[in-house]
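The structure under discussion appears below in the form of C-alpha cells.
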Amino acid sequence: MKKLLTILNASAVLLAATATVALAADKMPAVVFDMGGKFDKSFNQGVYDGVEKFRKETGMKYREFEVKNPTQREQAVRKMAQRGSDPVLGVGFAQASAIEKGAKAFPDTRFAIIDMVVMQPNVQSIVFKEHEGSFLVGVLAAMASKTGKVGFVGGMDIPLIRRFECGYIHGVKHAMASATVYANMTGTTPSAWNDPTKGAELAKSQFDRGADVIFAAAGGTGIGVYQAAKDNGKYAIGVDSNQNHLHPGTMLTSMLKRVDVAAYNTFKSASDGSWKSGIQVLGLKEGGIDWALDEHNRDLITPAMKAAVDKAKADIIAGKIMVHDYMSDNKCPK
Amino acid sequence: MRTKQKMPPQMANGSAKLPTWVDIGLLPLINVALAFVVSGLLIATLGQDPFEATWIMLRGAFGYEESLGYTFYYTTNFIFTGLAVAVAFHGGLFNIGGEGQAYIGGLGVAIACLALDQYLPFGLLLPICVLAAALFGAGWAFIPAYLQAKRGSHVVITTIMFNFIAASLMVYLLVNVVIKPGQMSPESREFASSAWLPYMHEALAWFGWEVAQSPLNLSLIGALVCCVLVWGLIWHTRWGYEIRAVGANAEAAVYAGISPSKIIILAMCISGALSGFVGINELMGVQHRLLLDFAAGYGFTGIAVSLMGRNHPVGIILAGLLFGALYQGGAELAFENSAFSPDLIVVIQGLVVLFSGALSYMLRGPMERLYLRLRPPPPPPIASVEA
C-alpha cells in the first residue's frame, strides 16, 4: 500500500512537472504598465526591475505594454489574455476595473494587480502593509532625534499616504511616548508627487519648528525634502526604493516597499505552479516591506537603534505589536 | 481691434491652379507616404524591419473586427476635435483649446449622468447629456472668445492657458468632490446603465450582425452627423458665410455689415461645443465614469487632423481615420514587438503631422509645375505621347 502511494505520488509529481513545462513553453507572462511608463523611477520601474529579474533568472520572456490613454488599460489587459499570456499583471490601482473586466471575460487566465484588491476567483491582488514599514522608520526617527520632534511630509492626500503617516506616528510614539510629530501633505493633486520645491519648503518649516528627522512619503517631492535636510544638517528618511545613496550621512534610512519582489513572485509562482488567487498582503513577515541598512547609513544607525528596530520588527511579525492600519477604518488613533 | 491671423488663402479655399482631387486627395497621400518613408528609415536604423512594422500597423489598424472597432473609436474623437478646429479656422481663429474644451465637455456629461441616471431612461438622458457636453464645451471656449473679440487677447494664448485651467479644475473636482468615497483612484462612481451609450457591437447585434467587442459606440454616428451639420453650416448658411467672411478679412467683413466680434464668439462657441462631444464618446460610450485624463491629447491631435483634412468635413473624416489607424496600429506594434516603445510611435505620428501639416506646401510648387507640364491648359489630347 505504501509503495503504491509512493508511486502514485511520484507520478503525480511527474505529471505536475510536465504540466508546468507545458505551461512554461506556451504561456508567456505579461505585464501592463500604467501611464507613468516603465521608466518612471518609482512604482512602474520597480515592477519592471522585478520582471526583468525574473527574465534573467528563468530565461522566460514576457510580454509588456505601456498604456498611453485610459481606454488602452482594458484593451491591453484583454489583448494580453487573448494572446494566451498567463499570468497578466496590472500595475497600480488605476487598472482595477480593467483587470476585473478581463478576469470575467477570460476565466481561465490568471491575473494579478498591485496596490488594489479585485475580488475575482482568478485574480491575485497584491497589497502592502505600508504602515508596518512606516512604524519601523518611526522608531528609528524617534531614536535619532535629539529634540524629540520629528516630521512627516506626504505627497498627495489620499488614504494610502495617510496609512504611511499613521504607521509612522505610531512607531515614533512607540519609541518615545513624549515625542512630537509634525505632519504635512504636499497637496491634493497628482502634482503633489512631483513638487520638490514645496517639499523643501514644508521640510524647512518643520525644521524651524524643531524637527530634526523627516520621513517623506511623497514620490519625487521627497527629493526636495532630502535636499532641505542636507542643507540644514538634519536627517531624512527615504521611501519605496532604497534612497540611502542619495545623500549619505543625511539619509537616516529608507522604508522599502518591494513592488519588484511582488512582481517577481507573481511571475515566478505562476511558472512553478505555486500561484494562488486571492489577496496577498505583503508586510514585514513576507519580505514585501522592510527598512534599508547599507554602507551609506551604517554609521548613523547606532547599535541601540538597530536592536530596537530589530525587536520592533520581530514583535510586529510575531503579532505582539499591532500597527494600526489607517485604511481599515479611515482613522488614526492618537 | 484684433490681431489678424495670417493664413494663406489656399488653406481654406484650395489652390487656384490644381484641381481639387490633386489638392485634397493626392497631395496629402504623397505627404503621408513621405512621412512613412522617413519613419521606415528610422525603424531601419533601430535594427528593425520597416516593412514588417508597416504590415503590423496596417493589420493592427484594419485587419480584424476588433482592431477596426478601436480605429473607428479613435476616429470618432478626432472627427469631433478636427471639426472643432476647422470651424474656428474658417473664422480665422486658431483654437488650441480643444483639449480643455473636451475635458470640460466631459465634466458636463458626467454631471448630467451622475445627477440624473437614477431617474431618467436612456432616451431622455441622452439629449440632456449631449446638450450638457455642448454647453460646457462652448462655455469653456466662450471666455477666450470674449477676450479675443472684446479685449484683443490672442485666442492662441488664452486657449492654451484654458487647457491648464481645465486640467487643474478637473483634478480638484475629482480628488475632492466627485471621487467615489473610500477608494484611492480619483474617479467618480460608475454611471447607471441608463447612461451608457450602446456599443456598436451591441447595436449591430440588434440587426443580427455579430461583430467583435470594441469600445466603438454610437457616437460615431453622432460624429458623422456633426460632419454634415458643419458642412451645411459653413457653406450653406448665413452664419457660415459670415464666419468665412471674417476669417478671410475681418475689416472687409465690417463693410458687409458683419460684426467680427459677434462672429468670433459664435465660431469659438460652436468649436468648443464640438470638442465637448468627445465627452460623450469617452464617458457615456466607453469609460462610464468620470476619470482623470480621459481627453488624452485628442484635442491637440484634432489640430493636425483639421490641417490635414484642409478644414473640410470629408478631409477631416479621412484624416481622422488616418490618425485613428496610427493610434490603434501603433498600439498593436507595441504589443507585437517591445522594441517599438510608445515613444517611437509618437515619433511616427509626429512625422505624419510634420509632413502633412507643417510641410504640406513644400510639394505644392513642384506638383503644380508637374501637373501643368503633364496637362497643358489648352485641351488638345497629347496624353498618348506620355504613355
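Chains as they are written, first to last, in the numbering used here: chain E, 959 to 1292; chain R, 55 to 441.
Ideal placement from N, C-alpha and C gives every residue a C-beta, glycine not left out.
Keep in mind it's a predicted model, so treat the numbers as computed, not measured.
By alpha-carbon distance to R:Leu168, the top candidate from R:Ile233, R:Leu346, R:Leu88, R:Gly79 is R:Ile233. In the DSSP assignment, R:Tyr415 falls outside any beta strand (DSSP E), carrying neither H nor E. With the rule of 3 Cβ pairs closer than 8 Å, the segment 89-104 of chain R does not count as touching the segment 331-351 of chain R. For E:Asn1002, the enclosing alpha helix (DSSP H) covers residues 1001-1016. Against chain E, a Cβ distance below 7 Å from R:Leu345 picks out Pro1028. E:Met986 carries a coil assignment under DSSP once its states are collapsed to helix, strand and coil. For the pair R:Ser207 and R:Leu344, the CB atoms are not nearer than the 8 Å cut-off.
At least 8 Å separates the CB of R:Ala310 from every CB of chain E. For E:Gln1082, the beta-bridge partners assigned by DSSP are E:Ala1070, E:Gly1236. Neighbours of E:Thr1146 in chain R, taken as residues whose beta carbon is under 9 Å from its own, are Val225, Tyr226, Val229, Asn230 in chain order. Runs of the beta strand (DSSP E) lying entirely within the segment 1094-1130 of chain E, each at least 3 residues long, are 1107-1114 in chain order. Runs of the beta strand (DSSP E) lying entirely within the segment 148-222 of chain R and spanning at least 3 residues: none are present. A straight-line Cα-Cα distance of about 43 Å links R:Ala164 and E:Ser1229. Rounded to the nearest whole angstrom, the CA to CA distance from E:Ile1259 to E:Leu1210 is 7 Å. Taking the Cα of R:Leu180 as reference, the smallest distance to any Cα among R:Asn131, R:Pro73, R:Ala249, R:Ser222 is reached at R:Ala249. In the DSSP assignment, E:Glu1159 falls within the unbroken alpha helix (DSSP H) covering 1154-1166.
When the alpha-carbon of R:Ala327 is set against those of R:Val308, R:Gly353, R:Leu83, R:Ala310, the nearest one is in R:Gly353.
Note that the C-beta distance between E:Leu1242 and E:Asp1248 is below 8 Å.
Sequence-distant Cβ neighbours of E:Pro1291 in its own chain, meaning closer than 8 Å and more than five residues away, are His1282. One alpha carbon belongs to R:Leu81, the other to R:Arg364, and they sit about 11 Å apart. In this structure the segment 183-203 of chain R touches the segment 325-340 of chain R; the number of beta carbon pairs closer than 8 Å is three or more. The Cβ atoms of R:Gly339 and R:Ala115 do not sit closer than 8 Å to each other. Between R:Asn149 and R:Ala142 a beta carbon distance of about 4 Å is seen, short of the 8 Å cut, so the two are scored as contacting. DSSP places E:Tyr1020 outside both helix and strand once states are collapsed to three, so it counts as coil. When 8 Å is used as the limit between beta carbons, R:Ala388 is near these residues of chain E: Phe1023, Glu1024, in chain order.
For the options R:Tyr127, R:Phe389, R:Gln202, R:Val265, the alpha carbon positioned closest to that of R:Ile319 is the one of R:Gln202.
Judged by beta-carbon spacing, E:Gly1177 lies beyond the 8 Å limit of E:Asn1202, meaning their Cβ atoms are not closer than that value. Residue nearest to E:Ala1161 within the set E:Ala1187, E:Gly1145, E:Val1139 is E:Ala1187 (criterion: CA-CA distance). Contact between R:Met224 and R:Leu161 holds: CB atoms are separated by about 7 Å, below the 8 Å threshold. Comparing alpha carbon positions, the residue from R:Phe394, R:Leu426, R:Met416, R:Gly311 closest to R:Leu100 is R:Phe394.
Look at E:Asp1248 here: in three-state DSSP terms it is strand. Under the 10 Å beta carbon count, R:Leu270 is surrounded by 16 or more other beta carbons and is classified as buried. A residue is called buried once 16 or more other Cβ atoms fall within 10 Å of its Cβ, and R:Val282, having fewer, is exposed.
With contacts defined as CB atoms closer than 8 Å, E:Tyr1020 and E:Ala988 qualify as a contacting pair.
Assigned with DSSP and collapsed to three states, E:Ile1279 falls in coil, not helix or strand. Within its own chain, the residues whose Cβ lies closer than 7 Å to the Cβ of E:Thr1146, once the five positions on either side in sequence are excluded, are Met1114, Asp1115, listed in chain order.
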